[in-house]
Structure formats: C-alpha cells, structure tokens
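In my numbering, the protein residues as written are 532 to 777. Backbone N, C-alpha and C fix where the C-beta goes; we use that ideal spot for every residue, glycine too. Keep in mind the model is a prediction, meaning the values are calculated, not measured. Here is the structure we will look at, set down as structure tokens.
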Amino acid sequence: MTDECFGHPRLAAIYDPLDPDRSDLDAYALMVKEFGARRVLDIGCGTGVFALLLAGRGIEVVGVDPAPASIDVARAKPGSDRVRWICGDATALPPLRVDLATMTANVAQQIVDPQAWRKTLRGVYEALRPGGRLVFETRDPVRRAWEEWNRESSYGVTEIPGVGSVESWHQLTEVAGPLVTFRTTYVFAADGQVLTSDSTLRFRERQEVEAELVAQGYEVEDVRDAPDRPGREFVFLARRPETGHV
C-alpha cells in the first residue's frame, strides 16, 4: 500500500507544487558526479524530479515507484521519454547493472516492515554492478524529528495554477517504538474537498542500518551528514564488492 499523497491522483498531481524546494537532491546529484555514475536506479522516484534531473544531464536512469498515480505524473513531464519508468518496488526488478542506486528523502524510512527492508536491500544489491553503490538517507532517531510535526508548525496555503488554493498541514498521530505515524490534511478551496494521507516512517539506529547492510553483502563505505539538515540525518554510502557475496 502506498500513502494517499503518492497514490491518490488528485494529491499526486499537487505533490511537486506543495514541496517545491528540492535542494535535498543536490547532495545526491553531486555523488552521481563524484562516482562517475552513468547508470542510476532511482528507487521511490515518485513524480520523477530527481530521475528527470539526471536524465537531463545525459545519465541513463531507471525510476521505480509503487504508486501508479505518481508514475503517471512523472510520465507527463517534459523529457520523461529519457527515463525508464517501472511501477513497482526494488524487491522485483528486471535484470539491471547500474553504477549507483538512490533512495532520497523519506523512501528508506517508508519501508517499515523488516522483511521488506531486507528484500529491498537485496534487490538493490542484485541490480548493482560489482563495485556499484547504494546511497540513501534516514533520520537520526535521537533528534526526535516527529516532535515538530504538528499543525502549528506545518500549516500552509499554496496557490497552484489550474487547481486553486490548497491548505495543507501535518499532525503527529502515533509513536510506537521505532514507528512514527502522522496525517497530512489537504483542503481544496475550489470545491471544498478534504483529503487526508496517513504515513508511517521507521526510525532506525545507525548501527541497525549498518548491520543489515553488511548482512545483505554490502561494504559500508561511509556515513555522511545531510548538507541540508546537518546533524539530523545519516546518509549511508554502501558498496557492492567487486567479488564475493552471492
């Protein structure tokens, strides 16, 4: 199941204008350049912002996402024919040999089931060429980011061309161990429709993530800071060895 904000056609269509600042992708674009990647797998590509950015720079990109509505938005964008779009997840990929795989933003944390997480890491491993890398981010649980998820700090009104005014806000609904659930509410002024999307994220400790990566055959090459949120996130850089683990 995908969150309604990605899976509902009306919400997928306004995802980009509600989150226009994607400077969080800059660090990933720099790593594509740092490692000389020519083939990239964008896992949880959503509406295709990062995939299309890379494709515009001549990178061969495969974008994968389980939400058909988000993939539809991505396909409708200029330049979308340069990306190979797959509606699905990383546990059942076609044969690939990419240089770099990415999970940007909340993608890694949205895979909350431990078995699904293991299968995702393994599926990505198989899609990487020997020596290829996986890069993803996850919030540091110690920083307790969810304490800021409330209407007071998140309420906004966005004017969207062709749609009209949309109110939106987040509200924390439950904290159950490492699982944190919040609800996003959307109010469309044009017709008064109110839509909600419930999202659950898993907050993993650094040692837990490193141990699972190693268990799935990766070498943990580095754990970096997120430039746009210093001290708040871990950015994992894991590598498929040139030889070995099968």
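- The DSSP-derived three-state label of Cys-576 is coil.
- In the structure shown, Arg-569 falls within a coil segment according to DSSP collapsed to helix, strand and coil.
- Burial state of Ala-582 is buried, judged by a 10 Å Cβ sphere holding 16 or more other Cβ atoms.
- In the three-state DSSP reduction, Glu-535 falls in the helix class (H, G or I).
- Fewer than three pairs of CB atoms, one per stretch, sit closer than 8 Å, so the stretch 535-546 makes no contact with the stretch 616-624.
- Within the stretch 620-647, the runs of alpha helix (DSSP H) that reach at least 4 residues and sit entirely inside it are, in chain order, 638-641.
- Judged by DSSP in its simplified three-state form, Val-592 adopts strand.
- Taking 8 Å as the upper bound for CB-CB distance, Arg-569 and Arg-670 are not in contact here, some 30 Å apart.
- In this structure, DSSP gives Arg-553 a state outside helix and strand, which the three-state scheme calls coil.
- In this structure, the alpha-carbon of Arg-674 lies about 17 Å from that of Thr-731.
- Across the structure, Val-595 and Gly-579 are spaced so that their CA atoms are roughly 9 Å apart.
- Between Glu-683 and Arg-660, the alpha-carbon positions lie close to 46 Å from each other.
- Around the Cβ of Thr-727, a 10 Å sphere holds fewer than 16 other Cβ atoms; the residue is exposed.
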